[in-house]
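Engineer:
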Amino acid sequence: MCGRYASSRRPEDLIEEFEVTEAVIEAPLEPDYNVAPTKDVYAVVERPPSGSGGRDSTEPAERQLRVVRWGLVPSWAKDPGIGSRMINARMETVAEKPAYQRAFAKRRCLLPADGYFEWYPTSQTGKSGKPLKQPFFIRPKDGGSLAMAGLYEIWRDPTRAEDDPARFLWTCTVITTDAEDDLGHIHDRMPLMVSPERWTAWLDPTAPRDSLLDLLTPAAPGALEAYAVSAAVSNVRNNGPELVEPLPLEEVVQ
């Protein structure tokens with residue numbers, strides 16, 4: 001699964017890297033080295049231009065950078081609290097599950113990340129008798145951004161007035177897949193990555209379902225690197241670039 005990641009790039013850098021034509025952002029997000037579920041994150045989407053009438057617009061979609069909340073809330077949900085349980089969608093079932101089916105068909109996104117965290121159960125045990133877990137940070141070897149495959153939804157709050165700008169809640173989920181061989185010993189699942197040559201096809205809201213399934217392929221073996229990091233990342237209140245620094249070998253829990 002993907003339950004924590006780092007996202008520190010400025011919106012200006014993401015706009016350039018992902019060839020965004022419109023940034024729909026009220027205020028830039030602070031660099032976040034410990035992104036957890038229910039936090040606000042950046043998402044790259046393709047939507048009708050702002051002010052064009054939304055989904056009923058006849059204008060072509062354009063690539064936008066938006067701020068969304070991590071934890072997908074389906075449009076039909078009665079309570080937005082369901083989002084905290086829907087942070088990941090499995091690649092194998094994402095096209096069929098009712099919670100994700102509509103978003104997979106029309107509302108796909110890219111979720112930029114520096115890398116993500118996973119916890120490996122070690123041979124040592126803590127006071128509770130359970131295995132101690134060593135966190136690892138997993139990132140591209142070339143230092144570039146991860147473009148995680150995601151879905152987004154727009155939930156309308158029925159308690160808010162029609163003219164209330166806060167009546168719409170934008171949320172997202174990360175699609176996961178089997179971990180590639182080099183990473184499978186840490187955790188058996190990983191975020192699904194979308195390579196740059198597939199960004200346009202993945203984001204296209206008019207793309208046929210069969211072509212989308214063909215895009216869902218795991219990252220190429222060897223493209224990512226993993227290294228142990230401080231256990232401080234396990235506490236969501238901790239944040240800062242030190243969380244993604246390699247842990248000295250003598251401090252790694254075996």
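Residue numbers 1 to 254, in my numbering, belong to the letters of the sequence shown in order. The beta carbon of each residue, even a glycine, is placed where N, CA and C say it ideally should be.
#1: Can you tell me the Cβ-Cβ gap for PRO112 and ALA147, rounded? I've got them flagged as a contact below 8 Å.
#2: Please classify LEU80: does DSSP put it in a helix, a strand, or coil?
#3: Where does the unbroken beta strand (DSSP E) through ALA99 begin, and where does it stop?
#4: Starting from ASN88, follow its DSSP beta bridges and name the residues at the other end.
#5: Measuring alpha carbon to alpha carbon, tell me which residue in LEU65, ALA161, ASN239 is nearest ALA22.
#6: Beta carbon of TRP70, beta carbon of ILE87: below 8 Å?
#7: Residues bridged to LEU146 by DSSP?
#8: Who pairs with VAL24 in a beta bridge, going by DSSP?
#9: If contact is defined by three or more beta carbon pairs under 8 Å, each pair taking one atom from either stretch, is the stretch 103 to 121 in contact with the stretch 130 to 149?
#10: For ARG247 and GLY129, what's the separation of their Cα atoms in angstroms?
#11: Going by C-alpha to C-alpha distance, which of PRO196, CYS172, ASP214 sits closest to ASP40?
#12: Tell me where the beta strand (DSSP E) around ASP40 begins and ends.
#13: Between the beta-carbon of VAL229 and the beta-carbon of PHE136, is there less than 8 Å?
#14: Rounded to the nearest angstrom, what separates THR176 and LYS127 at their Cα positions?
#15: In whole angstroms, what is the alpha-carbon distance linking ARG9 and ASP142?
#16: According to DSSP, SER75 sits in a beta bridge with which residue or residues?
#17: Specify whether the stretch 42 to 51 and the stretch 202 to 212 touch according to this definition: at least 3 beta carbon pairs, one from each stretch, less than 8 Å apart.
#18: I'd like the span of the alpha helix (DSSP H) that includes ASP214, first residue to last.
#19: Closer than 6 Å by C-beta to LYS133: which residues in its own chain qualify, once you throw out the five before and the five after it? Chain order, please.
Structural biologist: Concretely, from the data shown:
#1: The pair is a contact, with the Cβ atoms about 6 Å apart (cut-off 8 Å).
#2: A small fix is needed here, since residue 80 is Pro in this sequence, not Leu. DSSP places PRO80 in helix when its eight states are reduced to three.
#3: For ALA99, there is no enclosing beta strand (DSSP E); the residue is found in the alpha helix (DSSP H) stretching over 98 to 106.
#4: Bridge partners of ASN88: VAL174.
#5: Residue identity differs from the one stated: residue 22 is Glu in this sequence, not Ala. Nearest to GLU22 by alpha-carbon distance, out of LEU65, ALA161, ASN239, is LEU65.
#6: In terms of Cβ geometry, TRP70 and ILE87 form a close pair [threshold 8 Å].
#7: The partner list for LEU146 (beta bridge, DSSP) reads ALA113.
#8: Note: VAL24 sits in a beta bridge opposite ARG66.
#9: Inter-segment contact for the stretch 130 to 149 and the stretch 103 to 121 is present: three or more beta-carbon pairs are separated by less than 8 Å.
#10: It should be noted that the sequence gives Leu, not Arg, for residue 247. So the two alpha carbons sit approximately 24 Å from each other.
#11: Among PRO196, CYS172, ASP214, the Cα nearest to that of ASP40 is on CYS172.
#12: In this chain, the beta strand (DSSP E) harbouring ASP40 covers 40 to 47.
#13: In this structure, PHE136 lies closer than 8 Å to VAL229 by Cβ.
#14: Looking at the backbone, the Cα of THR176 and that of LYS127 are separated by about 32 Å.
#15: C-alpha separation (whole angstroms): 15 Å.
#16: In the DSSP output, where bridge partners are listed per residue, SER75 has none listed.
#17: Segments in contact, yes.
#18: Residue range 209 to 215 is occupied by the alpha helix (DSSP H) that includes ASP214.
#19: Shown here for LYS133: same chain residues with a beta carbon closer than 6 Å to its own, the five before and five after excluded, namely TRP119, PRO121 in chain order.
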